[in-house]
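Undergrad:
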Amino acid sequence: MKAIYKNVILIVFFVVLCQFVKAQNQETGGRQAPLIHISQWLKGEPIPSFNEGTRYVVEFSASWCSPCFKAIPHLSDLALKYAGTIKFISIYSLSAFKDDPEGTKYAKIVKQMVNEMGDKIGYAVALDVPSQQTAKDWGITAVPNVFVIDQNKRIVWNGDPMGGLDDVLSQLVQGNFDMATTKSRDHIREKELDTLETLSRTASSERLEFVEKLLSKYPGDPAFYAPKFNLLAFNDSKEANKWLTWMLANGPESLDWVYISEQAYTAPKYPDFDLVFLAKMRALAQSPPSMQPNIYLSISNVFSQESRMKEQPEEQILCMQKAILACHTAQVFGKNLKNDSLIKEAMAFVKTIQKRMVAVKGNRN
Numbered sequence: 009m010k011a012i013y014k015n016v017i018l019i020v021f022f023v024v025l026c027q028f029v030k031a032q033n034q035e036t037g038g039r040q041a042p043l044i045h046i047s048q049w050l051k052g053e054p055i056p057s058f059n060e061g062t063r064y065v066v067e068f069s070a071s072w073c074s075p076c077f078k079a080i081p082h083l084s085d086l087a088l089k090y091a092g093t094i095k096f097i098s099i100y101s102l103s104a105f106k107d108d109p110e111g112t113k114y115a116k117i118v119k120q121m122v123n124e125m126g127d128k129i130g131y132a133v134a135l136d137v138p139s140q141q142t143a144k145d146w147g148i149t150a151v152p153n154v155f156v157i158d159q160n161k162r163i164v165w166n167g168d169p170m171g172g173l174d175d176v177l178s179q180l181v182q183g184n185f186d187m188a189t190t191k192s193r194d195h196i197r198e199k200e201l202d203t204l205e206t207l208s209r210t211a212s213s214e215r216l217e218f219v220e221k222l223l224s225k226y227p228g229d230p231a232f233y234a235p236k237f238n239l240l241a242f243n244d245s246k247e248a249n250k251w252l253t254w255m256l257a258n259g260p261e262s263l264d265w266v267y268i269s270e271q272a273y274t275a276p277k278y279p280d281f282d283l284v285f286l287a288k289m290r291a292l293a294q295s296p297p298s299m300q301p302n303i304y305l306s307i308s309n310v311f312s313q314e315s316r317m318k319e320q321p322e323e324q325i326l327c328m329q330k331a332i333l334a335c336h337t338a339q340v341f342g343k344n345l346k347n348d349s350l351i352k353e354a355m356a357f358v359k360t361i362q363k364r365m366v367a368v369k370g371n372r373n
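In this note's numbering, the protein residues as written are 9 to 373.
#1: Around the C-beta of T190, are 16 or more other C-beta atoms found within 10 angstroms, so that it is buried, or is it exposed?
#2: Near F311, which residues of its chain fall below 6 Å by C-beta distance, leaving aside the five closest residues on each side in sequence?
#3: Identify whether R364 lies in helix, strand or coil by the three-state DSSP scheme.
#4: Give me whichever residues DSSP pairs with A132 in a beta bridge.
#5: According to DSSP, V66 sits in a beta bridge with which residue or residues?
#6: Could you name the residues of the same chain whose beta carbon sits closer than 8 Å to that of A132, not counting the 5 residues immediately before and after it, in chain order?
#7: Tell me, please, which residues DSSP counts as bridged to V51.
#8: List the residues that DSSP assigns as beta-bridge partners of Q40.
#9: Cβ of D229 within 9 Å of Cβ of S74?
#10: Out of N184, F185, Q140, N258, which has the shortest C-alpha to C-alpha gap to K106?
#11: Compute the distance between the beta-carbons of I325 and K369, then report whether it is under 9 Å.
#12: With a cut-off of 8 Å on the beta carbons, I'd call M187 and V164 a contact; round off their distance for me.
#13: Could you check the C-alpha separation between T62 and H82 for me, to the nearest Å?
#14: Could you spell out the range, first to last residue, of the alpha helix (DSSP H) harbouring W254?
#15: Quick one, which of R316, S71, D194 has its alpha-carbon nearest A115's?
#16: If we ignore side chains and look at the alpha-carbon of each, how far apart do R197 and A291 end up?
#17: Could you give the distance in angstroms between the alpha-carbon of E110 and the alpha-carbon of A41?
#18: Mapping the DSSP letters down to three states, classify I8 as helix, strand or coil.
#19: What are the boundary residues of the alpha helix (DSSP H) that K343 is part of?
Structure, rendered in structure tokens:
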């Protein structure tokens, strides 16, 4: 069981790291774009340097980053929309391997993902050099992180690919982009996010009222949906699950379901396991292949916990069978990734569940 919780913590850690990208226009706006140092071009036409007269979108990504994976369709749509006008590049950096000084393991995982995605990635993809020099020069500490570069090779915008990029590119192409106005707008939003974080130490009713105002002010902005769920879950599981149901049916595509699915399971006192499972399936769809085994392990843990909440032995056994199936799926992924530790964790959890099943069957008889 501890191994499964460790994987859940790992998922949350990577999600939080991905989520801590804030618009950095205050520091980067107007400065010349640094050089890029590439070890391999994995897809598309190589772009070794930025040319005068050409606009670029440079995204920094990582193989373990679910929000990065989630952004691929959106970036591909934008690349198609602005084909011939703006060039798009995704640079994979921030390897999670400490024992991979040459970047061999990381390169293999990224290559596999790019090959599996095929035409679903509609722009150039490259690998940072093993020293991560490009990420260092660009000040990358979290991903996804996007930079918009104008025809004078200046960085005119920096932020999340799912938050404001569409408007910036449209204005840039139409010739009415105002960096100062955009910078001011993004600064106000960041201040409001900081205020929301500060209000976490105040009465929940005041926080909830503030979140509702932000949701009204920024319709479709994914940053404020999960906080509302967490606030509701703190006081009323039923209301929290109503909001989760609404998000599943009506929420914007840019919602981070990896994070929300974990909150759906851990935040309410009485989670709705059917809703949690649906949220986990959304999380799977948003996750890169290297992170999916951990999602399956967390699904297994959800079914195992649900079995403890059931009153009838038949229902308990059914949930435990689903938990074992999810574990077996994680094992298959582990073999494909040559991840022995993942396989061992899944096998150990299967044995634990099987022992519980024997006990439940014994009590039933």
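Note that the Cβ used here is the ideal one computed from N, Cα and C, for glycine as well.
Because the structure is a prediction, the values reported are computed rather than measured.
TA: Straight from the coordinates:
#1: Burial call: buried.
#2: Excluding five sequence positions before and after F311, the CB atoms of its chain that fall closer than 6 Å to its own CB belong to C327, K330, A331, given in chain order.
#3: Here R364 sits in helix by DSSP.
#4: Beta-bridge annotation (DSSP): A132 is paired with I97.
#5: Looking at the DSSP assignment, V66 forms a beta bridge with I97, F155.
#6: When the five nearest sequence neighbours on each side are left out, the beta carbons in the same chain lying within less than 8 Å of the beta carbon of A132 are those of W49, K51, G52, E53, P54, I55, K95, F96, I97, S98, in order along the chain.
#7: In the sequence as displayed, the identity of residue 51 is Lys instead of Val. In DSSP, K51 forms a bridge with V133.
#8: Answer is R162.
#9: No, the Cβ-Cβ distance between D229 and S74 is not below 9 Å.
#10: Nearest of N184, F185, Q140, N258 to K106, Cα basis: Q140.
#11: Result yes, Cβ atoms of I325 and K369 sit closer than 9 Å.
#12: With a Cβ gap of about 5 Å, M187 and V164 count as contacting.
#13: So the alpha carbons of these two residues sit roughly 21 Å apart.
#14: In this chain, the alpha helix (DSSP H) harbouring W254 covers 245 to 258.
#15: The closest CA to that of A115, considering only R316, S71, D194, is found on S71.
#16: In this model, R197 and A291 are separated by some 26 Å (Cα to Cα).
#17: The alpha-carbon atoms of E110 and A41 are separated by roughly 26 Å.
#18: Here the chain comprises residues numbered 9 to 373, so residue 8 is not present and cannot be evaluated.
#19: Run containing K343: 321 to 344, per the alpha helix (DSSP H) assignment.
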